[in-house]
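Please read the structure below before turning to the comments.
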Amino acid sequence: MANKLWNLDDFDVEPKHTPREAQRRWRSAVGAVVKNRRRRFRFVADLDKRDEAEKTRKTIQECTVRSL
Numbered sequence: 001m002a003n004k005l006w007n008l009d010d011f012d013v014e015p016k017h018t019p020r021e022a023q024r025r026w027r028s029a030v031g032a033v034v035k036n037r038r039r040r041f042r043f044v045a046d047l048d049k050r051d052e053a054e055k056t057r058k059t060i061q062e063c064t065v066r067s068l
């Protein structure tokens, strides 16, 4: 009986960890509408800094592998 009342397709939820490119597109689309971008995105991760940190981690990891 529960299957007749509820359609399970209505409860499909997208994953929390969206791709960075999708986040960039969302921010660029919303950024034109939002009044105070800095305050709006204060607690949202800075994608450029994340990319930079990932490059630094890879560089350090490559250096440690070479030294071994």
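Anchor point for the sequence shown: position 28 equals 28 in UniProt numbering, and the numbering is continuous, going up by one each time.
Every residue gets a Cβ at the ideal spot worked out from N, C-alpha and C, and that includes glycine.
In this text the structure is predicted, and so the values were computed from the model without any measurement.
### Task
Please state whether DSSP places V30 in a helix, a strand or coil.
Judged by DSSP in its simplified three-state form, V30 adopts helix.
### Message
Mapping the DSSP letters down to three states, classify D51 as helix, strand or coil.
### Response
Three-state result, D51: helix.
### Message
Along the chain, where does the alpha helix (DSSP H) containing R42 start, and where does it finish?
### Response
Counting along the chain, no alpha helix (DSSP H) covers R42, and no H or E run does either.
### Query
When DSSP labels each residue in this structure, what does T64 get in the three-state scheme?
Helix at T64.
### Query
What whole-angstrom Cβ distance do R42 and V34 have, given they're in contact under 8 Å?
Not really, about 12 Å apart at Cβ, beyond 8 Å.
#### Entry: Identity of the residue in E14, D46 and H17 nearest R27 by Cα
Of the candidates E14, D46 and H17, D46 places its Cα closest to the Cα of R27.
### Query
Helix, strand or coil: how does DSSP classify K58 here?
Helix, per DSSP.
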